[in-house]
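Enquirer: 84 is the number of the first residue of the sequence shown in my numbering; add one for each residue after it.
Before we start, here is the structure in question, set down as structure tokens.
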Amino acid sequence: MNKKRYFFLLFLCTAWSLSSQKKEIRIYGKVVDSTTVVKNAHIINLNTNKGTFSNDQGAFRIYASLGDSLKASSIQHETAIGVITKYNISSTFFTIRLQKKRYVLDEIVLKKHYLTGILSLDRKQTPKDWRENALKNTMTLSKENMKAPVPDDHIDKRVRPPVVRTDPNQAFIGAGAKIGIPFKYSEKLWTLRRKLNYQKKIPVALLDELGETFFYVDLKIPEEKYYHFLEYCNHLGIENLYLQRKKLEVIKILKKESNAYLKILKENKEKNDKK
């Protein structure tokens with residue numbers, strides 16, 4: 084009787100383990116090569132025939148289960164296949180490494196010639212171009228008398244533009260006091276442009292460095308609210324902290340403010356539902 088119970092429990096555990104292994108979960112991954120991330124790579128689950136593409140940061144998401152094979156392909160890289168392991172299931176992250184394609188040039192055959200490298204000898208062996216010689220004889224001006232006086236053309240006088248004589252220094256007289264103003268304005272303009280350029284790059288850099296899993300899974304921020312969430316935290320100086328490479332302080336602020344931000348989203352949703 085005890086043996087029957089033992090085998091029955093063993094059968095249940097085995098069936099439960101197999102069913103849990105085949106359960107599909109969402110895997111977050113990144114496609115990289117030896118130097119950088121690979122964007123626009125095609126990733127397909129060979130077991131389910133479901134596919135996706137990597138974004139500009141090389142990141143992708145796909146549903147897979149234990150033992151599934153993921154194939155990644157790119158125009159400039161060799162195709163690679165990876166298998167989902169227990170570690171990938173527990174961490175919900177998978178990295179695919181690709182190798183760049185090597186292109187072999189066709190063989191170049193040099194024709195045999197009889198040139199020695201001595202100009203005086205090679206010139207005698209080079210055939211003469213009769214077309215070039217005929218053109219030189221026709222277009223030569225060696226027989227023309229270049230010192231002969233040329234009468235002025237009265238038609239040319241009528242179509243000549245009027246000569247305007249100006250002092251090139253006249254335009255700058257009295258402008259010494261105002262010459263520095265455009266340069267100060269240009270300096271402020273470039274400072275503003277650099278600041279705007281940093282502000283555009285910071286959201287992308289944060290997502291690339293901290294990862295989609297941190298924002299969308301750990302902090303539970305909706306994907307469409309990512310930029311809005313960063314703007315919500317911006318008054319706490321996360322941009323300056325990130326530029327100063329104080330990443331731990333940035334993470335603390337994001338974790339702390341995510342709870343209040345999600346609460347506001349929930350309250351706004353409830354108000355809209357009541358309306």
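Glycine residues also receive a C-beta, built at the ideal position from the N, C-alpha and C atoms.
All of these numbers come straight from a predicted model, not from anything done at the bench.
For the alpha helix (DSSP H) that residue 115 lies in, which residues bound it at each end?
Expert: Stepping through the sequence shown from its first residue, residue 115 is reached at position 32. Element bounds for residue 115: not the alpha helix (DSSP H) but the beta strand (DSSP E), 108-115.
Enquirer: For the 8 Å Cβ check, are there 3 or more pairs between the segment 137-146 and the segment 323-337?
Expert: no
Enquirer: Counting pairs of Cβ atoms below 8 Å between the segment 105-122 and the segment 135-142, do you hit three or more?
Expert: yes
Enquirer: Count the other CB atoms within 10 Å of the CB of residue 357; is the residue buried (16 or more) or exposed (fewer)?
Expert: One-based indexing of the sequence shown puts residue 357 at position 274. So residue 357 counts as exposed.
Enquirer: The ligand ZN and residue 149: does any heavy atom of the ligand fall closer than 7 Å to the residue's C-beta?
Expert: Only the bare structure without any ligand can be found here, which leaves the ligand ZN out of the picture.
Enquirer: From 111, 176 and 298, pick the residue whose C-alpha is nearest to that of residue 342; which is it?
Expert: The sequence position of residue 342 within the sequence shown is 259, counting from 1. Residue 342 has its Cα closest to that of 298, out of 111, 176 and 298.
Enquirer: Alpha carbons only, please: which of 284, 308, 113 and 117 is nearest the one belonging to residue 347?
Expert: Counting from 1 along the sequence shown, the entry for residue 347 is found at position 264. Of the listed residues, the one whose Cα sits closest to residue 347 is 308.
Enquirer: Would you call residue 335 buried or exposed, if buried means 16 or more other Cβ atoms sit within 10 Å of its Cβ?
Expert: To locate residue 335, count along the sequence shown from 1; it is residue 252. With fewer than 16 other Cβ atoms within 10 Å, it is exposed.
Enquirer: Distance check for residue 179 and residue 173, CA to CA, integer angstroms please.
Expert: On the sequence shown, position 90 is the one that residue 173 refers to. On the sequence shown, position 96 is the one that residue 179 refers to. Whole-angstrom Cα-Cα distance: 17 Å.
Enquirer: Once you ignore the five residues that flank residue 115 on each side, which residues in its own chain have a CB closer than 8 Å to its CB?
Expert: Looking up residue 115 in the sequence shown gives position 32. Here the set comprises 121, 141, 178, 179, 180 and 181.
Enquirer: Excluding five sequence neighbours on each side, which residues of the same chain lie with their C-beta closer than 6 Å to the C-beta of residue 260?
Expert: Position 177 of the sequence shown, counted from the start, is the residue given in the question as residue 260. Legend: pLDDT at residue 260 = 45, less than 50; position of this residue unreliable, value from coordinates given subsequently. For residue 260, there are no CB contacts under 6 Å within the same chain when 5 residues up- and downstream are skipped.
Enquirer: Once DSSP output is grouped into helix, strand and coil, what is the label at residue 377?
Expert: Nothing can be reported for residue 377, as the shown portion of the chain is limited to 84 through 358.
Enquirer: Kindly indicate the opening and closing residues of the beta strand (DSSP E) around residue 152.
Expert: Locating residue 152 in the sequence shown gives position 69, where the first residue counts as 1. Segment 152-157, the beta strand (DSSP E) holding residue 152.
Enquirer: In chain order, what residues of the same chain have a beta carbon less than 8 Å from the beta carbon of residue 108, not counting five sequence neighbours either side?
Expert: Along the sequence shown, read from residue 1 onward, the residue named residue 108 stands at position 25. In its chain, beyond the 5 residues on either side, 146, 147, 148, 172 and 175 have a beta carbon closer than 8 Å to the beta carbon of residue 108.
Enquirer: Are residue 290 and residue 337 touching if we call contact CB-CB under 8 Å?
Expert: Taking the sequence shown and counting its residues from 1, the one referred to as residue 290 is at position 207. Taking the sequence shown and counting its residues from 1, the one referred to as residue 337 is at position 254. No, these two residues do not count as a Cβ contact at 8 Å.
Enquirer: When DSSP builds the beta bridges, which residues end up paired with residue 166?
Expert: In the sequence shown, the residue the question calls residue 166 occupies position 83. Bridge partners of residue 166: 152.
Enquirer: Using the Cβ count rule (16 or more neighbours within 10 Å means buried), how would you classify residue 128?
Expert: Taking the sequence shown and counting its residues from 1, the one referred to as residue 128 is at position 45. Classification of residue 128: buried, given that the 10 Å Cβ count is 16 or more.
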